[in-house]
Amino acid sequence: MPQLNRHTADRPQTLPVKVLQFGEGNFLRAFVDWIIDIMNEKTDFYGAVNVIQPIGRGMAAQLSEQGGLYHVVLNGLQQGRTVSETRLITCVADAFNPYDDYQRFLESARNPDLRFIVSNTTEAGIAFHAPDADPDTLAESFPGKVTQLLYHRFQTFHDDAEKGLILIPCELIEKNGDKLRETVLQYADHWKLPAAFKQWIQTANTFCNSLVDRIVPGFPKDTIHEIQQAVGYTDNLVVTAEPFHLWVIEAPTSVQQAFPADQAGLQVKFVQDLTPYRTRKVRILNGAHTALVPVAYLRGLRTVREAVEDRYSGTFLREAIYEEIIPTLDLPASELEQFAADVLERFQNPFIRHELSSIALNSISKYRVRVLPSVLEYHKRTGALPEKLLHALAALILFYKGTYQGETLPVNDTPEILEFFARVWKTSDADYAVRETLANKAFWDQDLTLVPELLARVTHYIHA
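Note that the UniProt record's numbering has the sequence shown beginning at 1, numbered continuously upward.
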């Protein structure tokens, strides 16, 4: 079977490089590059991607050996039907390691066709690294590298405002574009770069906040042989993903015109304010996960799919989402209900085995961030309490006892939290455990026993 590359696939690279991508991992290749590939097919974008490996070790060499080619395999449910699609991605022109070739790294900034920088360098990636001592030695941090590229571009094109770039980070942190701009400006100060450069960063470049959503299991080691037989090539960079995808980009209209993904029938939304979309994802998708785990696990279920398909916990989850979470959100009801339907379908994906135990990690802080705001907002808007979400809280407190019906539970949290629950459950007094947990301001940033009737309802459910 031939090795996949530009020659064996007869796919010469002819497109101008318009995108620099920091990151060669599964997510960007199955999300951003997949989107750009479809844009090239369905719109007049006609742009290639050059991939920069953001840290010393990575897969840039492998990607380069295949000429940037690889397959994305989508497996999942869409509108109740099983979907399985394979696409050869051709938009990646090349990939390289800047630690091996700093000059090539700088050259990429001199490309007049370049319009975009995209990235996914983990949640910790957008951070200032003080030991990056000067602009002439490759910076360790991702924002340091971006500053070096932008400064080189600024010098090459003599402060030309038309040669600024659009930067769309995909890191899963709030206001990722704003944070990247702040950190780049911090480097400009740290390296004592000219004031004109700092002005150019802020006026000629557009830093976009963005929110990404797609589950990407990655390399299909169990089915790779069958996939390679089907595509007819040895492809060592196959990446699997679910069909669902959503990219919300907070940006001016000029970005939407330059990056016409919405014209390609893709779920890419350009908005003036990302906040309600982030809140929707955190409260519905992440909040549903967090509420479901203890309820389903104590029923003997072990995966998300089993839990959603179980008559009791599936009904519990749907009622929690549609009756208690959605009424606390401010987007149009039809949009929220469609998102919720998509979430439930994604949870039932037969191709993804999502263990409840893996979602159980740090569940106390997850409940505070993902579920408690829905509880408090529901109470504020209706004067009543959301029974399903309080049932989930009672189940969570019981889960943190660490054992249930003779079985050890997969409780995984900080030492302080584990010590707290070991203490409050010492006598197996459920009422005491509930009262102490709800009153713990370190958990909830407030004393939840002061919310009228909340203590009584959670105590009721822990005995139910």
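Every residue gets a Cβ at the ideal spot worked out from N, C-alpha and C, and that includes glycine. Only a predicted model underlies this, so the values are computations on that prediction, with no experimental measurement involved.
Query: Minimum C-alpha distance to H158 - residue among L454, H190 and P194; Result: P194
Query: Cβ-based neighbour list, I117, same chain, cut-off 6 Å, excluding 5 preceding and 5 following; Result: L20, L165 and L167
Query: Collapsed DSSP secondary structure at Q66 in the structure displayed; Result: coil
Query: Completely contained alpha helix (DSSP H) runs for the segment 348-418, where each covers 4 or more residues; Result: 356-359, 363-366, 372-382 and 387-399
Query: Beta-carbon contacts of residue 476 that lie in its chain and below 6 Å, excluding the five residues immediately before and after; Result: Residue 476 lies beyond the range of the chain shown here (1 to 464); nothing can be said about it.
Query: Whether S108 touches N50 by CB criterion (9 Å); Result: yes
Query: Nearest residue (CA-CA) to Y70, options E377, T122, Q3 and N286; Result: Q3
Query: R81 in three-state terms, based on DSSP; Result: strand
Query: Burial state of N412, where buried means 16 or more other Cβ atoms lie within 10 Å; Result: exposed
Query: Bridge-paired residues (DSSP) for K269; Result: V248
Query: Beta-carbon proximity of A94 to S64, cut-off 9 Å; Result: According to the sequence shown, residue 94 is Asp rather than Ala. Their beta carbons are under 9 Å apart, which means D94 touches S64 by this criterion.
Query: Rounded C-alpha distance that separates H289 from I359; Result: 7 Å
Query: Contact under 9 Å by Cβ, V216 with N26; Result: yes
Query: Contact belief for G265 with K42 at Cβ below 8 Å, rounded distance in angstroms; Result: 7 Å
Query: Buried or exposed by the 16-neighbour rule on C-beta atoms within 10 Å, applied to M1; Result: exposed
Query: C-alpha distance - I38 paired with G232, whole-angstrom precision; Result: 22 Å
Query: Strand pairing of L74, partner residues [DSSP]; Result: E85 and A241
Query: 9 Å Cβ cutoff met for K221 and R115; Result: no
Query: Candidates T403, K401, P373 and R381: closest to residue 507 by CA position; Result: Look at the range of the chain in this structure, 1 to 464, and you will see that residue 507 is not part of it.
Query: Distance, N40 Cα to L15 Cα; Result: 9 Å
Query: Where the alpha helix (DSSP H) containing Q21 begins and where it ends; Result: It is not in any alpha helix (DSSP H) - Q21 instead sits in the beta strand (DSSP E) that spans V17 to F22.
Query: Collapsed DSSP secondary structure at S119 in the structure displayed; Result: strand
Query: Counterpart residues of Q228 in DSSP-defined beta bridges; Result: According to DSSP, Q228 bridges with nothing at all.
Query: Distance, P386 Cα to I321 Cα; Result: 11 Å
Query: Nearest residue (CA-CA) to Y33, options F347, C170 and A204; Result: In the sequence as displayed, the identity of residue 33 is Asp instead of Tyr. For the residues F347, C170 and A204, the minimum Cα distance to D33 belongs to C170.
Query: Candidates A291, R302, E323 and Y312: closest to I397 by CA position; Result: A291
Query: Minimum C-alpha distance to T183 - residue among D342, G144 and A30; Result: G144
Query: Residue from P276, E419 and V458 with nearest C-alpha to A328; Result: The residue you asked about is not Ala; residue 328 is Thr in the sequence shown. Here the closest residue by C-alpha is P276.
Query: G76 versus D262: straight-line alpha-carbon distance, rounded; Result: 22 Å
Query: Per-residue burial, E24 [other beta carbons within 10 Å of its own, 16 or more giving buried]; Result: buried
Query: Segment limits, beta strand (DSSP E) that includes F96; Result: V92 to F96
Query: Ranges of the beta strand (DSSP E) found wholly within the segment 254-320, counting only runs of at least 3; Result: 268-271
Query: Complete beta strand (DSSP E) runs within the segment 140-214 (minimum length 3 residues, chain order); Result: 166-169 and 209-213
Query: Under the three-state DSSP convention, the category K456 falls into; Result: A small correction: the amino acid at residue 456 is Ala; Lys does not occupy that position in the sequence shown. Residue state, collapsed to three classes: helix.
Query: Distance between T459 and K380 (C-alpha atoms, nearest Å); Result: 21 Å
Query: Y187 beta carbon less than 9 Å from that of P135; Result: yes
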